[in-house]
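Chemist: Everything in the sequence shown is counted per numbering that gives the first Met the number 0, starting at 0 for the first residue and increasing by one.
Let me give you the structure first, and then I'll get to my questions.
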Amino acid sequence: MTGDRAALTGVKHVPGDPSGLAGVEYVAGDLATGAGVEQAARDVTTVLHLAGGSSGDVDKARILVRALAPGTHVVFISVVGADRVPVVSRVDRAMFGYFADQLAAERVIAESGLPWTTLRATQFHDLTLLVARQMTKLPVIPVPAGVRFQPLDAGLVATRLVELALGAPAGLVEDLAGPRVEGMDALLRAYLKKTGQRRLLVPMRLGGRAYAAIRAGANLAASPGTGLTWDGFLGAATALPGDKP
0 MTGDRAALTG
10 VKHVPGDPSG
20 LAGVEYVAGD
30 LATGAGVEQA
40 ARDVTTVLHL
50 AGGSSGDVDK
60 ARILVRALAP
70 GTHVVFISVV
80 GADRVPVVSR
90 VDRAMFGYFA
100 DQLAAERVIA
110 ESGLPWTTLR
120 ATQFHDLTLL
130 VARQMTKLPV
140 IPVPAGVRFQ
150 PLDAGLVATR
160 LVELALGAPA
170 GLVEDLAGPR
180 VEGMDALLRA
190 YLKKTGQRRL
200 LVPMRLGGRA
210 YAAIRAGANL
220 AASPGTGLTW
230 DGFLGAATAL
240 PGDKP
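What follows is the structure in structure tokens.
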């Protein structure tokens, strides 16, 4: 984090030249192997753990908390519904295993003995855009029936994380969510309209307890949030890089 609001040393892989951000010290630690993590976290009082991925999140959390000094405040970003989406079968794991991984990582941090704060958020607009791009590469798009999302402005999440990092450890805090719940089919149609494409959407039902929970709204926040809607996010972009006009 930069500027007068915070002076924290973080662990971050920097692919390019970081010289444009004055007042920020860049250090590198590999959470996949543990290499350099302890050194990178030396003299740090607050850590924002935002290094998620498609796999290995639980091991990364373990490596991180073991490297931190006692009393270090860990602020973790998780997902709304982590504790409500049951991942039991192979089908559950293949489609929605991320929820179980996030819950397990939450528990690693909560049981570490370190002071902690966890913020659960719904899916970012940017992730929704990535999914839309991938799905619309197909001429006919199979859409899981009844699946809804609550897309959220990533900037609001960043602001909230800064607030939490500057505050006292708070445990599990209130969920952060987007302003509108929308079906996946509606999200895809809005994207197709924005990019001038036409596709056939075919609803399909999936098996498993996780899918049933998602259909019931387990991935949604109890109340609507604020910020840009999905339509607003698409409308604010004069062009979507990599997409057809």
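Built from N, CA and C at the ideal position, the CB exists for glycine as well.
Quick one: what's got a C-beta closer than 8 Å to Phe123's C-beta in the same chain, skipping five residues either side?
Modeler: Taken in chain order, the residues that qualify are Pro150, Leu151, Asp152, Ala153 and Val156.
Chemist: Can you check which of these residues, Leu219, Thr32 and Gly177, is closest to Gly226 by C-alpha distance?
Modeler: The shortest Cα separation from Gly226 among Leu219, Thr32 and Gly177 belongs to Gly177.
Chemist: Under three-state DSSP, which class holds Leu155?
Modeler: In the structure shown, Leu155 sits in a helix (DSSP, three-state: H, G or I).
Chemist: Does the stretch 129-142 come close enough to the stretch 163-179 that 3 or more CB-CB pairs lie under 8 Å?
Modeler: No: fewer than three Cβ pairs fall under 8 Å.
Chemist: Grouping DSSP H, G and I as helix and E and B as strand, with all else coil, what is Leu67?
Modeler: DSSP places Leu67 in coil when its eight states are reduced to three.
Chemist: In terms of alpha-carbon separation, which member of Arg159, His48, Leu67 and Ser222 lies closest to Phe148?
Modeler: Per the Cα distances, Ser222.
Chemist: Whose C-alpha, out of Arg89, Ala81, Gly166 and Asp230, is nearest the C-alpha of Gly207?
Modeler: Here the closest residue by C-alpha is Arg89.
Chemist: Could you pull out every residue in the same chain whose Cβ sits closer than 6 Å to the Cβ of Ile213, ignoring the five residues on either side in sequence?
Modeler: Closer than 6 Å at the Cβ level, and outside the excluded window around Ile213, lie Val146.
Chemist: Just the Cα atoms here: how many angstroms apart are Glu110 and Phe75?
Modeler: Their Cα atoms are separated by approximately 13 Å.
Chemist: Taking the alpha-carbon positions, what's the Ile140 to Met203 distance?
Modeler: Spanning the two alpha carbons is a distance of roughly 10 Å.
Chemist: Taking Arg92 as part of the beta strand (DSSP E), name the residues at either end of that continuous run.
Modeler: It is not in any beta strand (DSSP E) - Arg92 instead sits in the alpha helix (DSSP H) that spans Arg89 to Ala109.
Chemist: Is the beta carbon of Leu160 less than 8 Å from the beta carbon of Leu47?
Modeler: Yes, Cβ-Cβ distance for Leu160 and Leu47 is below 8 Å.
Chemist: Does DSSP classify Val57 as helix, strand or coil?
Modeler: Helix at Val57.
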